[in-house]
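This report refers to the structure that appears directly beneath it.
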Amino acid sequence: MSHADFVHLRVHSAYSLSEGAIKNKQLVDLCRRNHMPAVAVTDTGNLFGAMEFSGLAKDAGIQPIIGCQLSLARADHAQPSARNLRKPDPDRIVLLAQTEAGYANLMKLSTKAYLEPPPGEVAQVQWADLEACNEGLICLTGGPSGPIARLLIDGQMEAARQQLEALARIFPGRLYVELQRHGWTSEAKSEPGLLDLAYELNLPLVATNDCYFPDEDMYEAHDALL
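Taking this note's numbering, I'd label the letters of the sequence shown as residues 5 to 230.
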């Protein structure tokens, strides 16, 4: 059987609470129907469906890739002041387990994201957490919602380069500059800079779609409700 040329590396299942609507069995059926030999589930902040998904995928002859979309605290923001007590929203990255050690580290990071931030803050990990728990993990830079794209959109090319270099040090040979094309302004604004930095630093590129629903009609219904 011929395989599809594209494999999804950023899929939110129904375990991405209040976000995704793809059930694990449904995802596996979609992959079989579209001749995809592998697929990654990268639920937001959790690994609740990882074991169920892995079993279903293996039984269907599909390579399961376990991952997670994590919120990453900004390394470049100023401390809150009396005037502005609110911290900026964290960036987002995607981590994929490459080995058993990577899966263990992914569990550690997901747990840290919920247990260590102060009450009331978004579940998130720190850069130091990535440095401590990076073994066996592949990192995608987060597309337009990642730290590099955000800095590029803000016109901070040098800061974007420095943070990309920092990620490359944390994930040597395991960092991919992530591009997305959903038609968003943020994607169009950040893509040229992401490409320039990837070529300059000799980093590989990966294209992803941020999947939440199993078919186009559900996206249209979701957009109509917003």
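For each residue, glycine too, the CB sits at the ideal point set by N, CA and C.
Check                                                                                                                                                                                   : Outcome
Quick one: give me the first and last residue of the beta strand (DSSP E) that Arg-96 is part of.                                                                                       : 95–101
Terminal residues of the continuous alpha helix (DSSP H) containing Leu-198?                                                                                                            : 189–204
What is the DSSP secondary structure of Ala-164, counted as helix, strand or coil?                                                                                                      : helix
Measuring only the C-alpha atoms, how far is Leu-179 from Gly-124?                                                                                                                      : 31 Å
Going along the chain, which residues of its own chain have a beta-carbon closer than 7 Å to the beta-carbon of Ala-164, five neighbours each way excluded?                             : Ile-152, Leu-155, Leu-156, Gly-197 and Leu-201
What are the partner residues of Pro-68, as DSSP defines its beta bridges?                                                                                                              : Val-43
If the criterion is Cβ atoms closer than 8 Å, does the pair Val-129 and Lys-116 meet it?                                                                                                : yes
Give every residue of the same chain whose Cβ lies closer than 6 Å to the Cβ of Ala-19, excluding the five residues on either side of it in the sequence, and list them in chain order. : Ala is not the amino acid found at residue 19; the sequence shown has Tyr there. Closer than 6 Å at the Cβ level, and outside the excluded window around Tyr-19, lie Asp-47, Phe-52 and Gly-53.
Are Cys-215 and His-12 touching if we call contact CB-CB under 8 Å?                                                                                                                     : yes
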